[in-house]
Amino acid sequence: MKPKYLTLSDLEMLHLVFRGYRSHDGMGYLFRGQADASWDLLPKAGRKEFLLPNDRDLGRAWAWARQAVAYCSLPSSSLEQLAIAQHHGLATRLLDWTMNPLVACFFACFEHIERDGAIYMCETPNQVVTEDTSVEALKEFSGVFGYFPKSINPRVLNQKGIFTAHCPASRNIEVKESRLGNGEPNLLVLTIPAKLKEDVLKHLEDYGIDQSVLFPDLDGLSAHTNRKTLRMKN
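-12 is the number of the first residue of the sequence shown in the numbering used here; add one for each residue after it.
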């Protein structure tokens, strides 16, 4: 089965799509925005430039954690460590999703403004992992699993973050019929044409979705202020 593909025609269509596909606190659909519609739907550790066979990505994450403790306190849970590493840019087998479709819209639009973006809408996987799941278990698992993290930092909280854990890291999401049995696939792709990206971002700001909210620190506030300044000059 293949994903269902849609193309955004105008802002009104966003409301119609998101009325039909809802999160239900993570028990329905998850949402992910990618600024370039041509990018693969894979975690960074599963992409060819970072791919290490035989679960060596987990070894790299362990080495990262050994040094990261010099800068911050880390939880004992291996999955929580992976989630923190992911939010600081490390290539891990976790893929970021959100329960808020507007957050996905933001990430689909705020970079690479000249390229078409994409919002992925995926049914939550049937199988999940938790903070008690060990590294050894991740090595033994096969498939794509849901992971509902604790609010381990403000970004996860404000972005309504959730992850899929890919075992191995290069494992793709299996496209199959929806659990609803309506003949639709469990994965849908909404393409956002480049020409609509700026309008979508302005619309999101009206709903309080911007860098200062999604990145609740001085870096996020500064980036948002810079963006507003550039608009003032146009």
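Using N, Cα and C, we set each Cβ at its ideal position, and we do this for glycine too.
Rounded straight-line distance, which links the Cα of residue j to that of residue i
i       : j       : result
GLU192  : SER(-4) : 20 Å
ARG47   : LEU125  : 14 Å
LEU77   : ALA210  : 21 Å
TYR58   : GLY168  : 49 Å
HIS75   : LEU144  : 15 Å
LEU174  : PRO136  : 22 Å
LYS182  : GLY195  : 22 Å
ASP27   : LYS163  : 18 Å
GLN73   : ARG142  : 12 Å
SER157  : ARG80   : 8 Å
LEU66   : ASP42   : 14 Å
LYS189  : ASP204  : 21 Å
PHE37   : VAL116  : 23 Å
PRO30   : ILE160  : 11 Å
LYS35   : THR(-6) : 28 Å
GLY33   : SER25   : 16 Å
CYS96   : THR178  : 11 Å
MET0    : TRP84   : 21 Å
LEU(-2) : SER129  : 39 Å
THR212  : TRP49   : 36 Å
Neighbourhood of residue i by C-beta, 8 Å cutoff - its chain only, sequence neighbours within 5 removed
i      : result
ASP12  : MET86
ASN140 : ILE71 and HIS74
SER138 : LEU144
SER165 : GLU110, GLU171, PRO172 and ASN173
Residues near residue i by beta carbon distance below 7 Å, same chain, minus five either side
i      : result
PRO112 : VAL131, PHE132, GLY133 and THR151
TYR16  : TYR8, ARG9, SER10, MET108, CYS109 and GLU110
LEU61  : ALA52, ALA55, GLN68 and ILE71
PHE5   : PRO88
MET14  : THR111
Contact under 8 Å by Cβ, residue i with residue j
i        : j      : result
VAL90    : GLN146 : yes
MET(-12) : PRO155 : no
ILE106   : PHE18  : yes
PRO(-10) : VAL200 : no
GLU118   : SER64  : yes
Sequence-distant residues of its chain with Cβ nearer than 6 Å to residue i (five each side left out)
i       : result
LEU45   : VAL122
THR120  : LEU66
PHE93   : LEU191 and ILE196
GLN114  : PHE132
TYR(-8) : VAL176
ALA208  : One point to set straight first is that residue 208 is Leu, not Ala, in the sequence displayed. So the list reads SER199, once near-sequence residues are dropped.
Supposed close pair residue i, residue j - CB separation, criterion 8 Å
i      : j      : result
GLY104 : GLN21  : 6 Å
HIS153 : LEU82  : 7 Å
GLN223 : ARG214 : Not covered by the structure: residue 223. The range shown for the chain is -12 to 221.
ASP206 : HIS99  : With a Cβ gap of about 20 Å, ASP206 and HIS99 do not count as contacting.
| Unbroken stretches of the alpha helix (DSSP H), 4 residues or longer, contained in the segment 47 to 81 | 65 to 74
| task | Note down, one range per segment and in chain order, each alpha helix (DSSP H) of at least 4 residues found wholly within the segment 92 to 166. | result | 122 to 127 and 141 to 145
| Contiguous beta strand (DSSP E) assignments of at least 3 residues, all confined to the segment -7 to 46 | 16 to 21
| request: Would you list, in sequence order, the uninterrupted alpha helix (DSSP H) runs of no fewer than 4 residues that lie entirely inside the segment 187 to 220? | output: 198 to 201 and 205 to 220
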